[in-house]
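Heads up, the thing below is written out as structure tokens.
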Amino acid sequence: MPVKTELHCHNSFSNFHVGTEEPPYDCNVSIRDQLDRSHSLGLDAIFVTNHNTLDGYRQLLQYKKDHSKFKNIAVFPAEEITIDTGAHVLAYGIHNEIKSGLTLDELIDEVRKQDGISSAPHPFSLLDALRDDAKKCDMVEVFNSNNVDILSNAKATQFALEHNMIQVS
0 MPVKTELHCH
10 NSFSNFHVGT
20 EEPPYDCNVS
30 IRDQLDRSHS
40 LGLDAIFVTN
50 HNTLDGYRQL
60 LQYKKDHSKF
70 KNIAVFPAEE
80 ITIDTGAHVL
90 AYGIHNEIKS
100 GLTLDELIDE
110 VRKQDGISSA
120 PHPFSLLDAL
130 RDDAKKCDMV
140 EVFNSNNVDI
150 LSNAKATQFA
160 LEHNMIQVS
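One point on numbering: in numbering that gives the first Met the number 0, the residue at position 169 of the sequence shown is 168, and numbering is uninterrupted.
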């Protein structure tokens with residue numbers, strides 16, 4: 000039976016944690032709105048992937064606990080981390096924040112130390128992308144609605160197929 004899962008979403012706790020080259024305001028979605036939307040979409044699980052912080056994950060868990068309407072939505076820790084090149088990596092299932100600014104190899108080592116899984120988000124977007132280094136991650140995001148050009152997602156899909164990688168969107 001398929002499990003409907005959101006693997007890449009932010010909430011307002013992501014604000015002011017993005018990299019120095021990026022605007023400080025990342026997302027205006029409250030944790031209540033995030034859970035309401037997840038519920039209305041019939042999601043079974045979400046990974047909260049705020050930029051360079053686990054803030055928002057624990058708060059969302061507490062809000063969920065206080066509102067029985069959301070009891071069937073599993074919530075998991077994750078973080079979208081900016082590496083030294085400015086590219087991003089998603090770290091799923093970690094329990095301690097991973098600092099930004101590490102090299103890709105250092106970051107992947109830290110994710111594995113925490114028994115987590117890494118994913119290359121928007122690997123061929125026009126800005127701040129891992130490109131071919133995405134093959135070092137466990138998975139590749141092949142669709143990201145924020146890609147502004149039509150080729151980035153197609154290129155990510157082709158890359159994942161060529162490298163026999165797990166595709167997520």
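The beta-carbon is built from N, C-alpha and C at its ideal position, and this holds for glycine as well.
These figures come from a predicted structure and were not determined experimentally.
Assigned secondary structure, residue i (DSSP; H/G/I helix, E/B strand, else coil)
i, result
"GLU5", "strand"
"SER144", "coil"
"THR156", "helix"
"ILE45", "strand"
"HIS162", "coil"
"HIS38", "helix"
"SER11", "helix"
"SER67", "helix"
Separation of residue j from residue i, as counted between CA atoms
i, j, result
"HIS87", "HIS121", "8 Å"
"VAL167", "PHE142", "7 Å"
"ILE93", "GLU78", "8 Å"
"LEU150", "ASP65", "43 Å"
"ASP32", "PRO1", "24 Å"
"ILE45", "ASN71", "11 Å"
"HIS38", "ARG130", "34 Å"
"GLY85", "ASN14", "17 Å"
"LEU126", "ASP104", "20 Å"
"LEU40", "ASN95", "29 Å"
"ARG158", "ALA128", "The sequence given here has Phe at residue 158, not Arg. Using only the alpha carbons, I get a separation of about 13 Å."
"LEU34", "ASP43", "11 Å"
Residues that DSSP places opposite residue i in a beta bridge
i, result
"VAL74", "ILE45"
"VAL167", "GLU140"
"HIS50", "GLU79"
Sequence ranges, alpha helix (DSSP H) only - wholly within the segment 78–156, length at least 4:
Those alpha helix (DSSP H) runs which fall completely within the segment 78–156 and span 4+ residues are 103–112.
Pair every Cβ in the segment 49–61 with every Cβ in the segment 4–12, then say whether three or more of these pairs are closer than 8 Å.
They touch, by the three-pair rule.
Do three or more CB pairs link the segment 58–73 to the segment 97–113 at distances below 8 Å?
Short answer: they don't touch.
Does the segment 146–155 come close enough to the segment 105–117 that 3 or more CB-CB pairs lie under 8 Å?
A contact is defined here as three or more CB-CB pairs under 8 Å, and the segment 105–117 fails this definition with respect to the segment 146–155.
Does the segment 124–141 touch the segment 155–165, meaning 3 or more C-beta pairs lie closer than 8 Å?
Inter-segment contact for the segment 155–165 and the segment 124–141 is present: three or more beta-carbon pairs are separated by less than 8 Å.
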